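Input: a single structure, listed below in structure tokens.
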Amino acid sequence: MPPTLHSGDPEPLARVAFVLIGTSHPGNVGAAARAMRTMGVTDLRLVAPRFDDVAERPEARAFASGATGVLDGVRRFATLAEAIGDAALAVAVSAEPREFGPEPAPPEACAADAMAVLAADPAHRVAFVFGAERTGLSVDEVQACGRLVSIPASPSYSSLNLAQAVQVLAYCVRRAALTAAEPATPGPVRSGPRLADHRAVGRLLEHGEQALGAIGFLDPSHPKKLVPRLRRLMLRARLRPEEVDLLRGVLKLMVERSRPR
Ligand code: SAH
Numbered sequence: 718m719p720p721t722l723h724s725g726d727p728e729p730l731a732r733v734a735f736v737l738i739g740t741s742h743p744g745n746v747g748a749a750a751r752a753m754r755t756m757g758v759t760d761l762r763l764v765a766p767r768f769d770d771v772a773e774r775p776e777a778r779a780f781a782s783g784a785t786g787v788l789d790g791v792r793r794f795a796t797l798a799e800a801i802g803d804a805a806l807a808v809a810v811s812a813e814p815r816e817f818g819p820e821p822a823p824p825e826a827c828a829a830d831a832m833a834v835l836a837a838d839p840a841h842r843v844a845f846v847f848g849a850e851r852t853g854l855s856v857d858e859v860q861a862c863g864r865l866v867s868i869p870a871s872p873s874y875s876s877l878n879l880a881q882a883v884q885v886l887a888y889c890v891r892r893a894a895l896t897a898a899e900p901a902t903p904g905p906v907r908s909g910p911r912l913a914d915h916r917a918v919g920r921l922l923e924h925g926e927q928a929l930g931a932i933g934f935l936d937p938s939h940p941k942k943l944v945p946r947l948r949r950l951m952l953r954a955r956l957r958p959e960e961v962d963l964l965r966g967v968l969k970l971m972v973e974r975s976r977p978r
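Written out as structure tokens, the structure is:
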């Protein structure tokens, strides 16, 4: 058989999800499904799409071409927090950085980092989060993620079509997965500490807000930028589950001790 560049789909790709927020055009959802499928990524999640049946619409099916299986498996979520709840790492995909969001990095570096997280523990999942066609990602949506990836593009016009941005990221993720799989590793091997998922870090932040309010460090009527700053810190720290437990223990005592006796 002649040599080919089409090798198998390394296992970590099965733990990568692409999350599209508020997508309006069925054609873009179909084209995104195809872009993912060609790179061996199949977990497509939609957050509050403009039309509930967007993945079933004929235009989406037509643009997906042979990748309708990805559309059949689509999961819908009401909020971004639910869609990335199981992720050890969520990566915002945006041309523009946002205040108190993570620092932007290029796709190759982010894809390599995502693979390192996936290799660290076979239970880890990574989510890449894309914005809506017209509005992109909001400040809050970027702040909800632990990393930010920007595709270097012409400064005079840096906004790619949604499905084309999905293609660039999916390609980089596949390349990183193939590179990581090179020394013929037999399936997923745990090579790093287990990380807390976004659901656990979200609950920690809510608890932190409550405790800092209880001791008077946070004024709920003038929260300033404390919460987004804390969120960025917590997400950058890549906390382990036992570290989340430890911090929650401290917070619990702060709340208890601040109650009038
Ligand atoms: N008008 C929007 C652009 C949305 S394009 C805005 O100003 O933000 C739809 C999505 O494609 C974006 O939310 C982002 O997820 C992705 N995208 C497009 N161009 C990109 C780029 N250069 N780098 C990273 N993501 C990009």
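My numbering numbers the first residue of the sequence shown as 718 and each following residue consecutively. Where is the CB? At the ideal position from N, CA and C, for every residue including glycine. Small disclaimer: the values here were computed from a predicted structure and weren't measured.
Quiz item: Just checking, does the region 821-830 make contact with the region 777-796 on the three C-beta pairs under 8 Å criterion?
Solution: Short answer: they don't touch.
Self-check item: Top-ranked residue by Cα proximity to residue 846, from 740, 735, 793
Solution: Position 129 of the sequence shown, counting from 1, holds the residue named residue 846. The residue among 740, 735, 793 with its C-alpha nearest the C-alpha of residue 846 is 735.
Quiz item: By how many angstroms is the C-alpha of residue 952 removed from the C-alpha of residue 924?
Solution: Start at 1 with the first residue of the sequence shown, and residue 924 comes out as number 207. Start at 1 with the first residue of the sequence shown, and residue 952 comes out as number 235. Residue 924 and residue 952 have their C-alpha atoms roughly 15 Å apart.
Self-check item: DSSP state of residue 734 mapped onto helix, strand, coil
Solution: As a first step, residue 734 must be located in the sequence shown, where it is residue number 17. Under the three-state reduction of DSSP output, residue 734 falls in the strand class.
Quiz item: Do the region 854-869 and the region 800-812 make contact, defined as three or more Cβ pairs closer than 8 Å?
Solution: Segments in contact, yes.
Quiz item: According to DSSP, which residues form a beta bridge with residue 807?
Solution: The count along the sequence shown starts at 1 and reaches residue 807 at position 90. In the DSSP secondary-structure assignment, residue 807 is bridged to 844.
Practice problem: Express the C-alpha separation of residue 761 and residue 948 in angstroms, rounding to a whole number. | Solution: Within the sequence shown, residue 948 is the residue found at index 231, counting from 1. Within the sequence shown, residue 761 is the residue found at index 44, counting from 1. Rounded to whole angstroms, residue 948 and residue 761 show a C-alpha spacing of 26 Å.
Quiz item: With C-beta atoms as the reference, is residue 964 less than 8 Å away from residue 929?
Solution: On the sequence shown, position 247 is the one that residue 964 refers to. On the sequence shown, position 212 is the one that residue 929 refers to. Going by C-beta atoms, residue 964 is not nearer than 8 Å to residue 929.
Self-check item: Three-state secondary structure assigned by DSSP to residue 780
Solution: In the sequence shown, the residue the question calls residue 780 occupies position 63. Looking at residue 780 - three-state DSSP - the assignment turns out to be helix.
Exercise. Could you check how far apart the C-beta atoms of residue 865 and residue 820 are, in whole angstroms? I think they sit under 8 Å.
Key: In the sequence shown, residue 865 corresponds to position 148, counting from 1. In the sequence shown, residue 820 corresponds to position 103, counting from 1. Contact between residue 865 and residue 820 holds, with the beta-carbon distance rounding to 7 Å and staying under 8 Å.
Quiz prompt | Cβ-based neighbour list, residue 748, same chain, cut-off 6 Å, excluding 5 preceding and 5 following | solution = As a position in the sequence shown, residue 748 is number 31, starting the count at 1. The residues are 780, 880.
Exercise. Take the Cβ of residue 932 as the centre, count every other Cβ of all protein chains shown within 10 Å, and call the residue buried at 16 or more, exposed below.
Key: Counting from one through the sequence shown, the residue named residue 932 turns up at place 215. Exposed: under 16 other Cβ atoms inside 10 Å.
Quiz item: Are residue 787 and residue 759 touching if we call contact CB-CB under 8 Å?
Solution: The residue you call residue 787 lines up with position 70 of the sequence shown. The residue you call residue 759 lines up with position 42 of the sequence shown. The Cβ-Cβ distance between residue 787 and residue 759 falls below 8 Å.
Practice problem: Report yes if the C-beta of residue 1040 is less than 7 Å from at least one heavy atom of ligand 1; otherwise report no. | Solution: Because the chain spans 718 through 978 in this model, residue 1040 falls outside it and cannot be assessed.
Quiz item: Helix, strand or coil for residue 789 per DSSP?
Solution: The sequence position of residue 789 within the sequence shown is 72, counting from 1. Helix, per DSSP.
Exercise. Measure how close the beta-carbons of residue 757 and residue 891 come, nearest whole angstrom, since I'm counting them as under 8 Å.
Key: By 1-based counting over the sequence shown, the position of residue 757 is 40. By 1-based counting over the sequence shown, the position of residue 891 is 174. Right, the Cβ-Cβ distance comes to about 6 Å (below 8 Å), so this counts as a contact.
Quiz prompt | Any non-hydrogen atom of ligand 1 closer than 7 Å to residue 688 Cβ | solution = No statement about residue 688 is possible, as the shown extent of the chain runs from 718 to 978 and does not include it.
Self-check item: Sub-8 Å separation of residue 856 and residue 816 beta-carbons
Solution: The count along the sequence shown starts at 1 and reaches residue 856 at position 139. The count along the sequence shown starts at 1 and reaches residue 816 at position 99. Yes, these two residues count as a Cβ contact at 8 Å.
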